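*Asks:* Using numbering that gives the first Met the number 0, the letters of the sequence shown correspond one by one to residues 0 to 739.
Backbone N, C-alpha and C fix where the C-beta goes; we use that ideal spot for every residue, glycine too.
Every value quoted in this text rests on a predicted model; they were computed, and no experiment measured them.
A single structure is presented below for examination.
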Amino acid sequence: MTQPEDTSSATVLPSAAVSGDAPAVPATRDGRDGDHGDHAAAPGAPVGAGDPPPGSRWRRAVRGRPADPVWARPALVGLLAAAAVLYIWDLGASGYANSFYAAAVQAGTKSWKALLFGSLDSGNFITVDKPPASLWAMALSGRIFGFSSWSMLVPQALGGVAAVGLMFAAVRRWFGPVAGLLAGSALALTPVAALMLRFDNPDGLLTFVLVLAGYCLVRALEEASTKWMAATGAALGLAFLTKTLQGFLVLPAFALVYLIAAPTGWWRRVWQLLAGGLAIVVAAGWWVATVELWPKGSRPYIGGSTDNSALGLAFGYNGVGRIFGGDGNRGGGGGGFGGGRANLSELARRDPQLTERVQAALGGRGGRGGGGGGFGGGAGWERLFGDQIGGQVSWLIPGALILLLSGLWVTRRAPRTDRTRAALLLWGAWMIVTSIVLSFAQGTFHPYYTASIAPGIAGLVGVGTWTLWDTRQQWTSRLLLAAAVAATGAWSFTLLDRTPSWYPWLRVVVTVAAVAATAALLIRRALVGRMAIAVAVCGTVAVLGGPAAFAAVTATIPQSGGQPTAGPVVRGGRGGNSGFGRLGAFGGSAAAGGRRAGGFGGGFGGFGATNARLASLLKASHGYRWAAAVQGSSAAASLELASDTSVMAIGGFTGRDPAPTLTQFENDVHAGRVHYFIGASQTGGASGFGGFGGRSGGPGGTISTWVQQHYKATTIGGEAVYDLTAPATASSAGPARSST
0 MTQPEDTSSA TVLPSAAVSG DAPAVPATRD GRDGDHGDHA AAPGAPVGAG DPPPGSRWRR
60 AVRGRPADPV WARPALVGLL AAAAVLYIWD LGASGYANSF YAAAVQAGTK SWKALLFGSL
120 DSGNFITVDK PPASLWAMAL SGRIFGFSSW SMLVPQALGG VAAVGLMFAA VRRWFGPVAG
180 LLAGSALALT PVAALMLRFD NPDGLLTFVL VLAGYCLVRA LEEASTKWMA ATGAALGLAF
240 LTKTLQGFLV LPAFALVYLI AAPTGWWRRV WQLLAGGLAI VVAAGWWVAT VELWPKGSRP
300 YIGGSTDNSA LGLAFGYNGV GRIFGGDGNR GGGGGGFGGG RANLSELARR DPQLTERVQA
360 ALGGRGGRGG GGGGFGGGAG WERLFGDQIG GQVSWLIPGA LILLLSGLWV TRRAPRTDRT
420 RAALLLWGAW MIVTSIVLSF AQGTFHPYYT ASIAPGIAGL VGVGTWTLWD TRQQWTSRLL
480 LAAAVAATGA WSFTLLDRTP SWYPWLRVVV TVAAVAATAA LLIRRALVGR MAIAVAVCGT
540 VAVLGGPAAF AAVTATIPQS GGQPTAGPVV RGGRGGNSGF GRLGAFGGSA AAGGRRAGGF
600 GGGFGGFGAT NARLASLLKA SHGYRWAAAV QGSSAAASLE LASDTSVMAI GGFTGRDPAP
660 TLTQFENDVH AGRVHYFIGA SQTGGASGFG GFGGRSGGPG GTISTWVQQH YKATTIGGEA
720 VYDLTAPATA SSAGPARSST
């Protein structure tokens with residue numbers, strides 16, 4: 000239906016009035032004034048306009064909202080079903096995925112204390128280097144169904160489906176089912192989101208929780224609801240417990256849009272924001288307080304911190320250290336391993352061909368320090384568009400930026416509470432702030448961190464596209480929408496051209512669809528009836544064809560290790576190499592179903608798969624709190640998963656955590672709490688499990704030296720194993736063992 004132009008304003012949005020507190024609301028396509036599918040005001044109406052319809056919630060859940068088109072609910076069901084297939088398809092092929100987190104999940108199935116604190120081991124020596132929220136659902140699933148790849152990863156996948164549904168709901172409330180479906184599809188098909196929502200890294204849960212927070216904020220904006228603002232804060236508190244300060248990157252967007260657009264007075268907006276902040280403190284602070292008040296001697300060391308403190312972890316290693324470097328964060332585009340040359344030299348001795356492939360994957364010879372970048376390229380505005388990350392998340396960014404700027408321009412004279420502008424500010428500021436922080440972060444950076452940008456992009460695409468499409472009878476809307484489609488199509492061609500041998504015809508299809516849609520959008524007569532449907536289909540193929548293909552191939556590739564990436568192998572990058580999982584099973588563990596969960600694990604652990612003889616040896620270590628001690632969390636995780644025992648990770652994830660001290664380790668050995676030490680041999684050669692985890696500056700070197708001086712090594716499966724109950728000299732150790 001042709002929308003009447005607003006002759007009193009330069010804006011192209013039909014509902015953006017020049018003056019007055021309540022702008023006129025245009026009729027929708029079904030003829031009901033102001034009804035946009037949920038009896039809320041149409042886009043452009045002030046936030047808070049409209050009341051929810053009466054009726055049965057169950058009926059609405061099954062059939063959809065009364066004003067929805069008949070196809071709306073089946074389309075939503077189809078979207079959620081497609082997302083479920085994408086996230087669950089062949090899920091067990093990834094084995095234990097990232098063994099670092101998988102070991103912590105396994106520990107949580109055995110010990111409630113390990114579950115509470117996020118311990119890497121059921122003996123509760125040290126935690127993972129994140130708060131534990133991402134582990135809770137997976138560990139509880141393991142307690143119910145038994146620990147396995149499926150019981151661990153299915154909760155992540157279901158959270159992904161829920162995130163897509165919430166994305167739909169958040170956009171659909173103000174802009175109708177078409178916009179909601181666009182936003183949900185854009186999120187579901189973003190390759191890095193499709194990767195993380197079927198993996199055990201914290202980024203999967205973080206994506207879900209952030210979308211939940213965005214939905215709650217939309218509800219809060221409708222009626223300036225304190226209740227929903229508190230719910231927003233609670234969701235952000237859970238985001239903090241998932242990945243500390245990365246969960247707060249959306250805070251500027253949330254605060255900005257609420258201060259501008261909430262339909263209430265200034266001071267009420269301020270105190271409602273403060274109420275939301277209080278909810279954040281409560282939702283996140285209970286765990287922080289538990290850690291700080293719990294006696295340090297009876298809980299695990301907080302991995303990643305230098306002072307055994309949750310606050311130190313949050314604001315140091317996982318806070319300013321990620322942005323500015325330092326605090327245990329490595330920099331350098333080439334990997335930046337401390338002691339990398341020595342580790343690669345040992346690897347070269349064992350497997351020269353594998354060494355060359357690792358060096359090529361790291362982009363250099365290893366062992367380099369340097370200025371930021373880690374595994375995602377150098378810091379700078381181009382990071383998100385480079386070979387390593389471009390295909391992960393950036394597909395829709397050019398078009399989304401055009402939609403954002405266009406929408407803000409055409410709503411420049413709208414009332415303060417205008418819904419369209421509020422939505423553009425919410426999703427646009429989310430995308431921009433998160434992108435800037437991740438682009439210029441100097442500390443450790445991984446490509447999959449960009450999953451937190453995906454909801455902002457998706458929301459912006461849904462809102463912006465529908466806003467311009469709904470007013471397509473106006474030439475300015477057609478021109479702006481055509482520009483967005485053309486920019487997205489051109490960038491999609493560029494990204495696909497980085498994989499020239501991977502389905503080369505796909506570039507042609509996307510390009511032809513983009514050209515056809517762009518040309519048709521400029522012709523008013525082409526945007527009515529069935530022609531409009533054809534143009535919409537062409538535009539959808541042009542915009543979502545590339546990311547959909549990358550997301551689909553991601554679901555067919557077993558992903559494992561600490562460096563998972565989405566999509567096929569990219570020219571000049573590491574796309575699709577499953578975090579080095581295809582290079583051979585570095586620190587890998589036997590995966591469910593007989594496949595191997597390769598990759599570096601969580602933190603570059605030992606060389607080679609955990610051998611059967613060593614695993615059997617640890618399984619027989621009954622009555623010990625820790626069957627073995629080893630340098631680094633990755634090696635410990637591999638041993639735990641292979642042997643189903645508890646292993647002490649000396650130095651934690653980075654190898655530099657000051658835990659344990661030599662005195663503490665001696666006391667544990669003398670008390671019979673540790674059975675074996677797996678590490679460097681007495682001849683000075685590096686053992687596989689003394690690999691990347693044992694970096695300079697940590698306790699591993701001192702402890703290893705002490706062990707070599709007092710115990711004799713036995714080679715088991717190529718690894719140097721020291722029996723800590725059998726000292727080389729009678730005076731060097733205490734009782735052989737004790738039950739704990």
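Between Gly164, Thr206, Val177 and Leu165, which has its C-alpha nearest Val536's C-alpha?
*Replies:* Val177
*Asks:* Per DSSP, what are the beta-bridge partners of Gly678 in this structure?
*Replies:* Ala719
*Asks:* Gln708: buried (16+ other C-beta within 10 angstroms of its C-beta) or exposed?
*Replies:* exposed
*Asks:* Tell me whether Phe745 is buried or exposed, calling it buried when 16 or more other Cβ atoms sit within 10 Å of its Cβ.
*Replies:* Beyond the ends of the chain as shown, which are 0 and 739, falls residue 745; an answer cannot be given.
*Asks:* On the criterion of 16 or more Cβ atoms from any shown chain inside 10 Å, does Phe549 qualify as buried, or is it exposed?
*Replies:* buried
*Asks:* Taking all protein chains shown into account, do 16 or more other C-beta atoms lie within 10 angstroms of the C-beta of Thr443, making it buried, or fewer, making it exposed?
*Replies:* buried
*Asks:* By how many angstroms is the C-alpha of Val527 removed from the C-alpha of Leu505?
*Replies:* 28 Å
*Asks:* DSSP state of Ser500, grouped into three classes?
*Replies:* coil
*Asks:* Just the Cα atoms here: how many angstroms apart are Ala634 and Leu277?
*Replies:* 40 Å
*Asks:* On the CB-based measure, 16 or more other CB atoms within 10 Å of its CB, does Val69 come out buried or exposed?
*Replies:* exposed
*Asks:* In whole angstroms, give me the CA-to-CA distance for Tyr623 and Leu157.
*Replies:* Cα-Cα distance, rounded: 37 Å.
*Asks:* Counting beta carbon pairs with one atom in the stretch 277-291 and one in the stretch 465-473, are three or more of them shorter than 8 Å?
*Replies:* Here the stretch 465-473 makes no contact with the stretch 277-291; the two share fewer than three CB pairs at distances below 8 Å.
*Asks:* Taking three-plus beta-carbon pairs below 8 Å as touching, is the stretch 121-128 in contact with the stretch 299-310?
*Replies:* yes
*Asks:* Within 10 Å of its beta-carbon, does Lys109 have 16 or more other beta-carbons around it, so buried, or fewer, so exposed?
*Replies:* buried
*Asks:* Spatial neighbours of Ala132 within its chain, please: C-beta separation below 7 Å, excluding the five flanking residues on both sides.
*Replies:* Leu204, Leu237, Leu240 and Thr241
*Asks:* I'd like the span of the beta strand (DSSP E) that includes Trp625, first residue to last.
*Replies:* Following the DSSP letters along the chain, one finds Trp625 inside the beta strand (DSSP E) bounded by residues Trp625 to Gln630.
*Asks:* What does DSSP give as the partner residue(s) for Ile125 in the beta ladder?
*Replies:* The bridge partners DSSP lists for Ile125 are Tyr300.
*Asks:* CB-CB under 6 Å to Arg420, same chain, minus the five flanking residues each way: which ones, in chain order?
*Replies:* Thr410 and Ala413
*Asks:* DSSP three-state call for Ile649: helix, strand or coil?
*Replies:* Assigned with DSSP and collapsed to three states, Ile649 falls in strand.
*Asks:* For Val706 and Gly671, which I take to be in contact (beta-carbon distance under 8 Å), what is that distance rounded to the nearest angstrom?
*Replies:* Not really, about 15 Å apart at Cβ, beyond 8 Å.
*Asks:* Tell me whether Trp227 is buried or exposed, calling it buried when 16 or more other Cβ atoms sit within 10 Å of its Cβ.
*Replies:* buried
*Asks:* List the residues that DSSP assigns as beta-bridge partners of Thr539.
*Replies:* Thr539 is not bridged to any residue.
*Asks:* Hey, Ala169 and Gly232: beta-carbon distance below 8 Å or not?
*Replies:* no
*Asks:* Would you decide whether Trp426 is buried or exposed? Buried here means 16 or more other CB atoms lie within 10 Å of its CB.
*Replies:* buried
*Asks:* Could you tell me the alpha carbon to alpha carbon distance between Ser405 and Arg142, rounded to whole angstroms?
*Replies:* 51 Å
*Asks:* Is Leu521 near Thr464, with beta carbons less than 8 Å apart?
*Replies:* no
*Asks:* DSSP three-state call for Tyr95: helix, strand or coil?
*Replies:* Correct three-state label for Tyr95: coil.
*Asks:* Consult DSSP for Ser559 and reduce its assignment to one of helix, strand or coil.
*Replies:* coil
*Asks:* For Val249, which option in Ala274, Pro154 and Ser434 has the closest C-alpha, if you only look at C-alpha atoms?
*Replies:* Closest option to Val249, Cα to Cα, is Ser434.
*Asks:* What does the alpha-carbon distance come out to for the pair Val76 and Ala541?
*Replies:* Their backbone Cα atoms lie some 23 Å apart in a straight line.
*Asks:* Tell me, to the nearest whole angstrom, how far the beta carbon of Ser645 is from that of Gly122; I am working on the premise that it is less than 8 Å.
*Replies:* 4 Å
*Asks:* Give the straight-line distance between the Cα atoms of Ala101 and Gly117, rounded to the nearest whole angstrom.
*Replies:* 11 Å
*Asks:* What's the C-alpha gap between Val208 and Tyr448?
*Replies:* Rounded to whole angstroms, the gap between the alpha carbons of Val208 and Tyr448 is 15 Å.
*Asks:* Mind reading off the beta-carbon distance from Leu216 to Phe253? Whole number of angstroms is fine, and I expect it under 8 Å.
*Replies:* 6 Å between Cβ atoms; contact.
*Asks:* Run the CB neighbour count on Trp474, radius 10 Å, all protein chains shown included, and call it buried at 16 or more, exposed below.
*Replies:* Classification for Trp474: exposed.
*Asks:* Quick one: what does DSSP say Ala619 is sitting in, helix, strand or coil?
*Replies:* coil
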